[in-house]
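Here's the structure we're looking at; comments come further down.
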Ligand SMILES: [Zn+2]
């Protein structure tokens with residue numbers, strides 16, 4: 001779980017725009033250069049033999065056997081890299097920085113192959129590029145923030161490509177951002193924008209409990225905040241009904257229904273993405289000084305035997321956390337018993353009818369309030385551990401319920417319903 005909680009140093013946003021430039025030569029050249037770089041690095045890999053021990057169970061006893069594996073050592077020394085660069089520059093017609101980009105692409109492709117290979121997900125086959133693209137290094141890009149123009153050098157001092165983003169829908173969103181890398185394709189460009197993220201701007205921790213119909217937040221000052229997800233459920237259901245129906249008649253006309261299925265899958269995906277995008281943008285804007293804490297629901301599979309008496313929509317949870325991570329800071333905590341631990345005394349609670357959980361000593365609570373509160377508490381601990389607690393938490397977020405408003409629904413609470421489609425307060 002620790003590796004999931006890496007501290008981001010910047011916010012990175014990526015947007016796609018169309019272009020009308022004929023880039024065939026550059027695209028093909030970049031791809032074949034990247035491939036050449038892969039070929040040469042591959043030929044120079046040093047395969048080291050390693051004995052790997054395997055364990056298996058037989059008649060309740062563990063037995064062992066060993067196999068020999070080849071572990072790749074990728075050449076990275078300066079001399080090798082310089083020679084590779086010089087070789088690739090030979091006959092290269094475009095700006096030389098593109099060759100550096102191609103080498104970077106080649107290395108990252110081989111590195112990702114290597115980690116998959118070591119995990120047993122890939123065989124010992126050299127990676128190959130199929131679709132042409134160009135990774136444009138920052139040194140080739142000049143960005144005029146005021147006028148919204150991006151100039152990319154194609155050939156040094158001779159040929160440029162200009163992208164005008166002033167009238168693009170996202171121009172307002174990237175005010176104050178610097179430009180990052182650009183990926184050029186046949187008729188479009190993927191542009192990244194970056195802004196440094198200062199962790200010490202973050203003053204509060206918000207616990208986020210994902211449920212089927214709502215996202216429940218616990219904020220140390222605002223208390224329990226409920227975000228209505230019923231519109232997201234509705235969107236999913238509408239398309240699931242259509243998709244199920246199409247699947248049931250698939251055999252009658254596989255080709256035609258296949259096309260329709262693809263169409264509805266795409267529509268479902270786009271509408272869900274749109275909803276989650278709006279939701280996470282609002283969250284990051286409403287709470288610009290917050291670190292968001294989610295449960296690591298992937299960890300739930302470790303506790304298969306324990307009963308999780310709650311409705312979950314894992315795809316929504318994963319997408320919301322992932323999207324929010326582009327716009328703010330997201331950390332994950334252990335999900336075990338978050339909805340069953342008493343927020344006052346910490347003892348284990350029993351589920352009651354409906355959305356209620358009961359502590360023998362302290363009384364009844366709303367399950368989702370309890371979930372978000374316990375996630376918040378674990379988040380406070382985690383943030384203190386990761387960041388040393390410096391300037392991050394206000395006094396009252398120590399989890400002492402007496403100092404927090406909105407104790408429980410029956411003792412008076414305020415909830416704010418904030419749906420991206422229909423924002424309203426109640
Ligand atoms: Zn209790």
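Residue numbers (full-length UniProt numbering): 1 to 426.
C-beta: ideal position from N, C-alpha, C; glycine also.
Quick caveat, the model's predicted, so the values are computed rather than measured.
Nearest-angstrom Cα distance between residue i and residue j?
{"i": "residue 129", "j": "residue 356", "result": "55 Å"}
{"i": "residue 12", "j": "residue 172", "result": "15 Å"}
{"i": "residue 373", "j": "residue 343", "result": "7 Å"}
{"i": "residue 4", "j": "residue 256", "result": "42 Å"}
{"i": "residue 304", "j": "residue 338", "result": "Confidence at residue 304 is low in this model, with a pLDDT of 47, below 50, so the placement of that residue should be treated as unreliable; the coordinate-derived value is given next. Taking the straight line from one Cα to the other gives about 15 Å."}
{"i": "residue 98", "j": "residue 237", "result": "47 Å"}
{"i": "residue 227", "j": "residue 328", "result": "18 Å"}
{"i": "residue 383", "j": "residue 270", "result": "34 Å"}
{"i": "residue 245", "j": "residue 353", "result": "34 Å"}
{"i": "residue 79", "j": "residue 89", "result": "15 Å"}
{"i": "residue 10", "j": "residue 138", "result": "16 Å"}
{"i": "residue 458", "j": "residue 378", "result": "This structure leaves residue 458 out entirely; the chain is present only between 1 and 426."}
{"i": "residue 418", "j": "residue 207", "result": "Its pLDDT being 37, under 50, residue 418 is placed unreliably by the model, and nothing is read from it."}
{"i": "residue 22", "j": "residue 36", "result": "23 Å"}
{"i": "residue 299", "j": "residue 314", "result": "12 Å"}
{"i": "residue 28", "j": "residue 381", "result": "52 Å"}
{"i": "residue 24", "j": "residue 46", "result": "35 Å"}
{"i": "residue 288", "j": "residue 235", "result": "28 Å"}
{"i": "residue 33", "j": "residue 92", "result": "9 Å"}
{"i": "residue 166", "j": "residue 151", "result": "13 Å"}
{"i": "residue 131", "j": "residue 203", "result": "44 Å"}
{"i": "residue 192", "j": "residue 325", "result": "15 Å"}
{"i": "residue 350", "j": "residue 224", "result": "21 Å"}
{"i": "residue 492", "j": "residue 164", "result": "A question about residue 492 goes unanswered here, because the residues of the chain that appear run from 1 up to 426."}
{"i": "residue 157", "j": "residue 140", "result": "11 Å"}
To the nearest whole angstrom, what separates the beta carbons of residue i and residue j, a pair I think is in contact under 8 Å?
{"i": "residue 75", "j": "residue 116", "result": "In fact, because the Cβ distance is near 19 Å, the residues do not count as touching under 8 Å."}
{"i": "residue 142", "j": "residue 94", "result": "Incorrect: roughly 16 Å between the Cβ atoms, too far for contact."}
{"i": "residue 427", "j": "residue 71", "result": "Here the chain comprises residues numbered 1 to 426, so residue 427 is not present and cannot be evaluated."}
{"i": "residue 333", "j": "residue 295", "result": "6 Å"}
{"i": "residue 15", "j": "residue 170", "result": "5 Å"}
{"i": "residue 371", "j": "residue 216", "result": "6 Å"}
{"i": "residue 38", "j": "residue 109", "result": "6 Å"}
{"i": "residue 232", "j": "residue 243", "result": "Rounded, the Cβ-Cβ distance is 16 Å, inconsistent with contact."}
{"i": "residue 194", "j": "residue 180", "result": "5 Å"}
{"i": "residue 267", "j": "residue 250", "result": "Not really, about 18 Å apart at Cβ, beyond 8 Å."}
{"i": "residue 188", "j": "residue 19", "result": "6 Å"}
{"i": "residue 73", "j": "residue 48", "result": "6 Å"}
{"i": "residue 361", "j": "residue 348", "result": "So it is not a contact: roughly 11 Å between Cβ atoms."}
Span of the alpha helix (DSSP H) holding residue i?
{"i": "residue 253", "result": "Premise fails: residue 253 is in no alpha helix (DSSP H) and is neither H nor E."}
Measure the Cβ-Cβ separation of residue i and residue j and say whether it is below 9 Å.
{"i": "residue 199", "j": "residue 190", "result": "no"}
{"i": "residue 103", "j": "residue 84", "result": "yes"}
{"i": "residue 335", "j": "residue 297", "result": "yes"}
{"i": "residue 321", "j": "residue 219", "result": "no"}
{"i": "residue 293", "j": "residue 205", "result": "yes"}
{"i": "residue 53", "j": "residue 62", "result": "no"}
{"i": "residue 368", "j": "residue 214", "result": "yes"}
{"i": "residue 106", "j": "residue 162", "result": "no"}
{"i": "residue 136", "j": "residue 184", "result": "yes"}
{"i": "residue 280", "j": "residue 323", "result": "yes"}
{"i": "residue 286", "j": "residue 331", "result": "no"}
{"i": "residue 30", "j": "residue 101", "result": "yes"}
Starting from residue i, trace the beta strand (DSSP E) both ways and give me its first and last residue.
{"i": "residue 315", "result": "From DSSP, residue 315 is part of no beta strand (DSSP E) but of the alpha helix (DSSP H) over 314-327."}
{"i": "residue 180", "result": "178-184"}
{"i": "residue 18", "result": "10-18"}
{"i": "residue 207", "result": "204-210"}
{"i": "residue 292", "result": "290-295"}
{"i": "residue 194", "result": "188-196"}
{"i": "residue 225", "result": "223-228"}
{"i": "residue 219", "result": "214-219"}
- 3-residue-minimum beta strand (DSSP E) runs that sit fully inside the region 31-86, ordered along the chain: Positions of the beta strand (DSSP E) runs, each at least 3 residues long and wholly inside the region 31-86, are given as 46-58 and 61-73 in order along the chain.
- Message: Restricting to runs no shorter than 4 residues, where is the alpha helix (DSSP H) found entirely within the region 80-159?
- Response: Complete alpha helix (DSSP H) runs here, min 4: 97-118.
- Message: My parser needs the alpha helix (DSSP H) runs of 4 or more residues fully inside the region 355-387; what are they?
- Response: List check, alpha helix (DSSP H) in window: 367-387.
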